[in-house]
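Worksheet for the structure shown next.
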Amino acid sequence: MRRVGPNRREQVLLRLVDHLLRRRVAHPLRVAVDGPDAAGKTRFSDDLAHLLSQQREVIRLSVDSFHRPEAVRRQRGSLSAEGYYLDSFDHDIIVGSVLRPLGPGGDGRYRPAAYDYRADEPVPPAYRRAAADAIVVFDGVFLLRPELHEYWDVALYLHVAPEVTVRRALERDLELFGSAAAVEQRYRGRYLPGQELYRVQARPLDRADIVLDMTDPLNPGTLRWKPAPASAGRHASLGPDR
1136 MRRVGPNRRE QVLLRLVDHL LRRRVAHPLR VAVDGPDAAG KTRFSDDLAH LLSQQREVIR
1196 LSVDSFHRPE AVRRQRGSLS AEGYYLDSFD HDIIVGSVLR PLGPGGDGRY RPAAYDYRAD
1256 EPVPPAYRRA AADAIVVFDG VFLLRPELHE YWDVALYLHV APEVTVRRAL ERDLELFGSA
1316 AAVEQRYRGR YLPGQELYRV QARPLDRADI VLDMTDPLNP GTLRWKPAPA SAGRHASLGP
1376 DR
C-alpha cells in the first residue's frame, strides 16, 4: 500500500526544521541535541541536518570529536560514573573553539574536531568559517551541563528510559565490548549512573527547549516544545508550539 504522507518521525523532523528556520539570530544558530546513550541522537541529528541543508548551510558536529585523552577519562576508574560525567570531554575547547566563535560577537571561525578518541591522539587544529546564517547541529551526551548550557540557542533532549538504553546497547555495542555481560557491566556500572548524576546535577530535561520521547524512534512523542521567542534571546514562554 502506498504511503500518502510523512510518518510521525518525519512530521516531528519537519516541524523542527520549520521551528529552527524561524529562529533569527545575528550569528550561526547553535542547536544542541542532547540525551542519554543510545537515545538515537546521531541518527536524529543526521536526519535533521539533511533536511535543514536543503535550505541553509549546516555545520554538523559531535561531542565525540572533543574527548579528553583516555588516561584522563579513566583516571577515576574504568567503571566510574563520576569519571564518565566529569572527565569525558574537553568543554573548554568546545566553548572556546566552537560555541563562542559561532555566537554573539564571534568571528565565525570554528574547530570541527580536537581529539580522535579511537586513536587516542589530538586532531591537528583545522579551522573553518561559518556563514552568518548557518545552523549548527551538535549532538552528544551532557550538552546541557552548566559549562555549556548558556551557549546554545536551541536545546533538544531526546529522552529514553535506562532500560531502553541497555536494550539498544546490547544490540549496538555487542561487538565493541565483546559480550553481553561486558555491555551490561559497562552500562550499568558507568554510563547509566553517569547519566543519572547528570540529570540530578544539571537538570537537562528542565533546561531543554524541546524534549522528545524516543522510546519508539519511528514515533517520537513530544514531552515539551517551547515556542520560538519573538526576539533573539534564549528564554521564552512555556506554551505549546503548534
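FYI, in this note's numbering the residues of the sequence shown are 1136 to 1377.
Ideal Cβ positions, reconstructed from N, Cα and C, are used throughout, including at glycine.
Please read all numbers here as calculations on a predicted model, not as lab measurements.
8 Å contact criterion, which residue i and residue j should meet: CB distance rounded
i	j	result
residue 1188	residue 1247	Rounded, the Cβ-Cβ distance is 16 Å, inconsistent with contact.
residue 1277	residue 1224	7 Å
residue 1085	residue 1300	The chain is shown from 1136 up to 1377; residue 1085 falls before or after that span and cannot be answered.
residue 1165	residue 1271	5 Å
residue 1268	residue 1191	6 Å
residue 1255	residue 1204	6 Å
residue 1232	residue 1245	6 Å
residue 1283	residue 1226	6 Å
residue 1363	residue 1158	5 Å
residue 1425	residue 1167	Because the chain here runs from 1136 to 1377, residue 1425 falls outside it and cannot be looked at.
Per DSSP, cross-strand counterpart(s) of residue i
i	result
residue 1268	Partner(s): none; residue 1268 has no beta bridge.
residue 1217	None, per the DSSP bridge assignment.
residue 1257	1250
residue 1202	1224
residue 1194	1271
residue 1245	1263
residue 1292	1169, 1346
residue 1164	1270
Minimum C-alpha distance to residue i - residue among the options
i	options	result
residue 1239	1161, 1207, 1205	1161
residue 1170	1353, 1361, 1342, 1354	1342
residue 1172	1230, 1220, 1271	1220
residue 1281	1335, 1202, 1250	1335
residue 1292	1195, 1206, 1355, 1305	1355
residue 1253	1202, 1326, 1146	1202
residue 1156	1174, 1193, 1353	1193
residue 1176	1159, 1197, 1163	1197
residue 1295	1352, 1167, 1153, 1163	1352
residue 1326	1216, 1339, 1229, 1363	1216
residue 1180	1266, 1144, 1303, 1234	1144
residue 1263	1359, 1154, 1236, 1275	1236
residue 1229	1207, 1260, 1218	1260
residue 1350	1163, 1174, 1142	1174
residue 1163	1234, 1146, 1208	1234
residue 1324	1358, 1142, 1218	1218
residue 1359	1142, 1140, 1147	1147
residue 1265	1258, 1275, 1361, 1195	1195
C-beta neighbour in chain B for residue i, strict 9 Å
i	result
residue 1359	Note that chain B does not occur in the displayed structure, where there is just one protein chain.
Beta strand (DSSP E) runs contained entirely in the region 1311 to 1370, provided each spans 3 or more residues = As far as the region 1311 to 1370 is concerned, its whole beta strand (DSSP E) runs of at least 3 residues are 1345 to 1348, 1356 to 1360.
Three or more C-beta pairs closer than 8 Å, one from the region 1342 to 1350 and one from the region 1316 to 1329: is that the case here?
-> Pairwise C-beta distances place the region 1342 to 1350 out of contact with the region 1316 to 1329, as fewer than three of them are shorter than 8 Å.
Is there contact between the region 1207 to 1219 and the region 1286 to 1295, where contact requires at least three CB pairs shorter than 8 Å?
-> Three or more Cβ pairs closer than 8 Å define a contact, and the region 1207 to 1219 falls short of that threshold against the region 1286 to 1295.
Would you call the region 1306 to 1313 and the region 1179 to 1199 touching, i.e. three or more CB-CB distances under 8 Å?
-> No: fewer than three Cβ pairs fall under 8 Å.
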